[in-house]
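Here the structure comes first, spelled out in C-alpha cells, and everything after it is commentary.
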C-alpha cells in the first residue's frame, strides 16, 4: 500500500507542487548549472572517449577567466550541439606546431594528456584579443580533419570539471 | 478541484496545438522547411535510385530561383539556379551509402519578406566505407514566396574556429 502510494501519489495540490518543484530544480540543474553532454567523435581521445557522458559546469567562468588546459564546451548556433576542446593558448600568445609538438611563445608545451604519435606542422600565429586557442587531445589524426583554432571567448559555454 | 484544473490545462494545450497546426506562424513554416530539407537530403541505407532522384528534386523545390552558396569547404561559392541545386543534391547524396542530417538550435531573425536563420547541422553517415561525422554552424537566408511560404535563397558556413 505504502509502495503503491509512493509510486503513484494521490492527486492533490501538494503532489502537484512537489512535481513542479522537482521538474524546476532538475531543469535548473541540468540546463543552467551542470549540462550533461554525450560525446560523439574521437577528437578528445584518450581523455574522453566516443559515447561517454560528461558534464559542463556553466557557472565556471562567471567570476573567473578560462585558463590553459581547461577542457571547455564551445557553443555553436546554440547549446544543444557543442564542441569539446582543450584551451592551449591565451590571447597575445603565439602558437605553432612543429613535428607534432605544440609550441607556445616558442617553447614546447608539456601535454601529459596526449597519446600516440603526431606529425602536425602549423606556421606560427598570434592568438587575437578576446579569443582562445583550442585543440582536441587526439593529435594522431591528420591535422586537416581535426577541427581546432581560435574561438571567441563569448562562445565558451563552460568547463568540463573532470 | 485539481482534476478540473488538469482538464482545463489539457484542453488549453490541445487548443494551442490545433491552432499552431492549422495557422502556423512564419517561424513554424521556416522550421518545417528545415525539417523537409534534412529529411530529403538524408539518405537511408539501400535507397533505390528512383527514390534518390525524387528526394533530390524535393530538395531543389525548397530553394528559390537564385541561390547564393558560400560553402568554400565544400567547393561551392556563387549563385546557382534550382536545376543546379538538384544536381548538387544528387551528387552530394550519392557520395554516401547512408546519411542522416539534422539541424538543431535554430535562431531566426524575421523581416517582412526575408529571414535569416543560424543553426547547427550535424551529418552522420558512411561514405566510401568510412564513417563520416561532421558538425557545422550554418547561416541560411530565406525569402517569402507569393503563396506565403518560404524558400531558401542562400547558405553559408559560420566559422566557429579559425586556425
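Residue numbers (our numbering), protein chains in the order written: chain A, 1 to 162; chain B, 1001 to 1163.
Cβ atoms here follow ideal geometry from the backbone N, Cα and C, with glycine treated the same way.
- Buried is the label assigned to residue 43 of chain A, since at least 16 other Cβ atoms lie within 10 Å of its Cβ.
- Leaving aside the five residues that flank residue 1107 of chain B on each side, the residues in its chain whose CB is nearer than 6 Å to its CB run, in chain order, 1118.
- Using beta-carbon distances, residue 1161 of chain B counts as an interface residue toward chain A, with a partner under 8 Å.
- Around the CB of residue 1145 of chain B, fewer than 16 other CB atoms lie within 10 Å, so the residue is classed as exposed.
- Residue 65 of chain A is outside the set of residues whose beta carbon lies under 8 Å from a beta carbon in chain B.
- By the rule that beta-carbons nearer than 8 Å mark a contact, residue 1015 of chain B does not touch chain A.
- Counting only residues of its own chain and dropping the five nearest sequence neighbours on each side, residue 1086 of chain B has a CB closer than 8 Å to the CB of 1056, 1057, 1059, 1060.
- Under the Cβ distance rule, residue 60 of chain A does not count among the residues neighbouring chain B, no pair being separated by less than 8 Å.
- At a beta-carbon threshold of 9 Å, none of the residues of chain A lie near residue 1113 of chain B; the nearest stands roughly 23 Å away.
- Within the model, the alpha-carbon separation for residue 1104 of chain B versus residue 77 of chain A is close to 8 Å.
- CA-to-CA, the gap between residue 1039 of chain B and residue 1101 of chain B works out to about 7 Å.
- The way I'd put it, the region 1008-1026 of chain B doesn't touch the region 140-156 of chain A; fewer than three beta-carbon pairs between them come closer than 8 Å.
- Those residues of the region 1018-1049 of chain B placed with their C-beta closer than 8 Å to a C-beta in chain A do not exist.
- Taking a beta-carbon distance threshold of 8 Å, residue 1119 of chain B counts as an interface residue toward chain A.
- The distance from the Cβ of residue 38 of chain A to that of residue 53 of chain A is about 6 Å, consistent with a contact at the 8 Å cut-off.
- Taken atom to atom, the span from the alpha-carbon of residue 1157 of chain B to that of residue 1147 of chain B is near 29 Å.
- The beta carbon of residue 1137 of chain B falls within 8 Å of a beta carbon belonging to chain A, placing the residue at that interface.
- Residue burial is scored here from C-beta neighbours: residue 110 of chain A has fewer than 16 other C-beta atoms within 10 angstroms and is therefore classed as exposed.
- When rounded, the separation of the alpha-carbon atoms in residue 1142 of chain B and residue 1097 of chain B is 30 Å.
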